[in-house]
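Residue numbers (this note's numbering): 9 to 202.
Before any comments, here is the structure.
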Amino acid sequence: MYHNYVKARNAAWKVLLECGIKELPINLQTIADYYDIPLITYSNFPLTQLFKPEVVSGDGFATSISGTPYIILNDQKSNRYRRRFTVAHELGHVLLNHPSKVTFFRNSEIDHPHKLEEIEANIFARDLLMPATVLASLHIHSPEQIMKFCHISYTSAVIRAKRLQLLYQRNSFDIHPLEKEVHKQFSKFIEENQ
């Protein structure tokens, strides 16, 4: 399990670095464009009738059509903050190279805890949207502060705040070289928002 955590966390850091992301809230369209992953809404995607009802009834899904990954987002369900986490979660499935023959879909903010692909995608989304090194440098602790800076739902902010508290207790920031690079890349944003 720890291997899966590290894999997803490191992948999120690499994406932030490769895409040149330097500020919060994270621009997910920039990331999708960088990796040539179209983001399409249900209202602009006439093929949703081709997928199983449990897939299209959710918040969104990742799929592959003729070898090209797509993220299809339910724009008629939930609020924009929850949709941001859904997009990041689905980007996780694609960028973590989860099997492309499987259509991954998301029906809730808390996915089944025993599916490794879902756990990895959640960790990826959390660390992509709410990088701990940036939050710690801004002295952010509460879910409300996380929501303000990261534009995510209260549920996601609470989950991040709990994990962040553990990291504060361990003083576990900027240990990994990739995380140090993320911190450096966000340094101007951090300085302007302290």
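Idealized CB from N, CA, C, for every residue including glycine.
- In the three-state reduction of the DSSP assignment, leucine 32 falls in the coil class, being assigned neither a helical nor a strand state.
- Residue pairing by DSSP places threonine 49 opposite Leu81 in a beta bridge.
- With a threshold of 16 other beta carbon atoms within 10 Å, glutamine 84 falls short and is exposed.
- At a Cβ-Cβ threshold of 8 Å, tyrosine 43 and leucine 103 count as neighbours.
- Contact annotation: isoleucine 80 and alanine 40 have beta-carbon atoms that are not nearer than 8 Å.
- Look at glutamine 202 here: in three-state DSSP terms it is coil, with no helix or strand label.
- The segment 152-167 makes no contact with the segment 185-192, as fewer than three CB pairs between them are under 8 Å.
- Cβ-Cβ distances below 6 Å link proline 77 to Ile45, Val102 in the same chain, with the five nearest sequence neighbours on each side left out; the list follows chain order.
- The C-alpha of glutamine 202 lies about 11 Å from the C-alpha of valine 142.
- Put simply, the backbone Cα of glutamate 98 is about 26 Å away from that of phenylalanine 197.
- Here the C-alpha atom of leucine 175 lies approximately 7 Å from the C-alpha atom of phenylalanine 181.
- Per DSSP, proline 151 is one residue of the alpha helix (DSSP H) stretching across 151-158.
- A direct Cα-Cα distance of roughly 15 Å separates isoleucine 73 from histidine 106.
- Classified as buried, serine 164 has 16 or more neighbouring CB atoms from the shown chains inside 10 Å of its CB.
- Of the candidates Glu199, Pro151, Ile160, Leu136, Leu136 places its Cα closest to the Cα of isoleucine 29.
- The residue from Asn35, Asn82, Asp67, Thr38 with its alpha-carbon nearest to that of asparagine 52 is Asn82.
- Aspartate 67 is a Cβ neighbour of arginine 91, given a cutoff of 8 Å.
- Annotation: the continuous alpha helix (DSSP H) that includes lysine 170 extends over 162-178.
- Residue environment analysis places valine 23 among the buried positions, since at least 16 neighbouring C-beta atoms fall within 10 angstroms of its C-beta.
- Nearest in C-alpha terms to lysine 15, of all of Thr49, Phe132, Lys170, Pro33, is Phe132.
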